[in-house]
Structures are given as C-alpha cells and as structure tokens.
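The sequence shown: position 84 = 84 (full-length UniProt numbering), numbered continuously.
Just so it is clear, CB atoms sit at the ideal spot from N, CA and C, and this is done for glycine as well.
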Amino acid sequence: MIGEANAGDEPADGWFPESVAACYDAPGGANVPEVVTPAVDVLEDLADGPVLEFAVGTGHIATPLAARGVPVNGIELSLAMAARIASKPDGDAVEVTIGDMTTTRVAGQFSMVYLVFNTISNVTTHG
Numbered sequence: 001m002i003g004e005a006n007a008g009d010e011p012a013d014g015w016f017p018e019s020v021a022a023c024y025d026a027p028g029g030a031n032v033p034e035v036v037t038p039a040v041d042v043l044e045d046l047a048d049g050p051v052l053e054f055a056v057g058t059g060h061i062a063t064p065l066a067a068r069g070v071p072v073n074g075i076e077l078s079l080a081m082a083a084r085i086a087s088k089p090d091g092d093a094v095e096v097t098i099g100d101m102t103t104t105r106v107a108g109q110f111s112m113v114y115l116v117f118n119t120i121s122n123v124t125t126h127g
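Set out below in structure tokens:
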C-alpha cells in the first residue's frame with residue numbers, strides 16, 4: 001500500500017520505499033512499449049546534448065533514453081527508486097543525484113530538463 005511502510009523498507013524513503021519502487025517497475029500501465037517508446041522518441045528528438053530528468057524514479061524513461069546515446073542525469077528523492085535504475089540495462093549510463101527536485105542542484109549544463117507523467121503532483125509545497 002502506498003504510504004505504508006513494509007518490512008525491509010528504508011524509513012528515510014518516506015512515500016517511496018522499496019515496496020513502492022517495485023510497483024513502479026510492474027508490467028503494464030505506463031511501462032508498456034506503447035507508452036514508453038513514444039515518450040522516449042519525443043525526448044530524443046528534443047535533446048541536443050545532456051538532459052536532466054526531475055524525479056527520475058526507477059528510470060523507465062531515462063534508461064531507454066540513455067540507451068539511445070542521450071547523456072541522462074536524474075534527480076530522485078528515493079534511494080530505493082534510484083537503486084533500481086542501476087540494476088537495469090543501461091542504468092549505469094544514467095547519473096542519479098539523490099535529493100528533492102525542487103532544491104537539489106546538479107552540476108553541468110543541460111539541453112533540456114523534463115519530468116514525465118504525474119511527477120509534478122509530487123511537489124506539495126512552495127516557497
């Protein structure tokens with residue numbers, strides 16, 4: 001259940017522990033090629049150099065984009081989500097910085113900064 005810690009979850013991961021990260025990689029929904037491929041196609045076409053993904057999650061967009069040769073950096077709040085990126089094909093090509101996407105800074109210049117799906121709804125406060 002989202003928001004409820006399960007055995008083995010890291011308390012510091014709050015709303016996005018391993019039990020939730022596992023759901024993000026479940027087959028179906030936004031993880032099907034019919035959803036992922038067009039999203040990656042658009043991002044690849046727009047990228048003109050390194051890109052930065054806010055709330056990179058488990059990398060289901062970042063890793064296929066990196067596989068196409070686009071240098072991808074990501075910011076992710078959850079250690080469990082970020083750990084799943086490293087375990088994926090081309091996951092080692094995605095540079096992940098742990099932190100809050102509203103305050104964390106990543107060194108470098110990016111041709112594009114993007115977020116996907118419902119990510120913006122994770123920003124719950126401002127100022």
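Hey, how far is the Cα of residue i from the Cα of residue j?
| i | j | result |
| --- | --- | --- |
| Gly28 | Ala47 | 27 angstroms |
| Met112 | Ala93 | 17 angstroms |
| Ala61 | Gly108 | Reading the sequence as shown, one finds Ile at residue 61 and not Ala. C-alpha separation (whole angstroms): 21 angstroms. |
| Phe16 | Phe54 | 15 angstroms |
| Glu95 | Ala30 | 22 angstroms |
| Ala5 | Glu18 | At Ala5, the pLDDT of 39 sits below 50, so the modelled position is not reliable; the number obtained from the coordinates is stated separately. Rounded to the nearest angstrom, the two C-alpha atoms are 9 angstroms apart. |
| Ala82 | Val56 | 8 angstroms |
| Val36 | Ala26 | 13 angstroms |
| Ala80 | Cys23 | 12 angstroms |
| Gly99 | Gly49 | 23 angstroms |
| Val20 | Leu77 | 13 angstroms |
| Ala66 | Ile120 | 22 angstroms |
| Asp90 | Val70 | 11 angstroms |
| Asn73 | Glu34 | 24 angstroms |
Can you round the beta-carbon distance between residue i and residue j to whole angstroms, since I take them to be within the 8 angstroms contact cut?
| i | j | result |
| --- | --- | --- |
| Val106 | Ile75 | 6 angstroms |
| Val51 | Arg68 | Actually they do not touch by this definition, with Cβ atoms about 11 angstroms apart. |
Can you have a look at residue i and say buried or exposed, based on whether 16 or more other CB atoms are within 10 angstroms of its CB?
| i | result |
| --- | --- |
| Asn118 | exposed |
| Thr63 | buried |
| Thr58 | buried |
| Val32 | exposed |
| Ser87 | exposed |
| Val42 | exposed |
With a threshold of 8 angstroms, establish whether the CB of residue i neighbours any heavy atom of the ligand MN.
| i | result |
| --- | --- |
| Thr63 | Ligands displayed in this structure: none; no statement on the ligand MN is therefore possible. |
Every unbroken beta strand (DSSP E) inside the UniProt domain "Methyltransferase" (51-122) [3 residues or more] | Within the UniProt domain "Methyltransferase" (51-122), the runs of beta strand (DSSP E) at least 3 residues long that lie entirely inside it are, in chain order, 51-54, 72-76, 94-98 and 112-114.
Uninterrupted beta strand (DSSP E) stretches inside the stretch 17-57 (no shorter than 3 residues) = The stretch 17-57 is shown to contain whole beta strand (DSSP E) runs of 3 or more residues at 51-54, in chain order.
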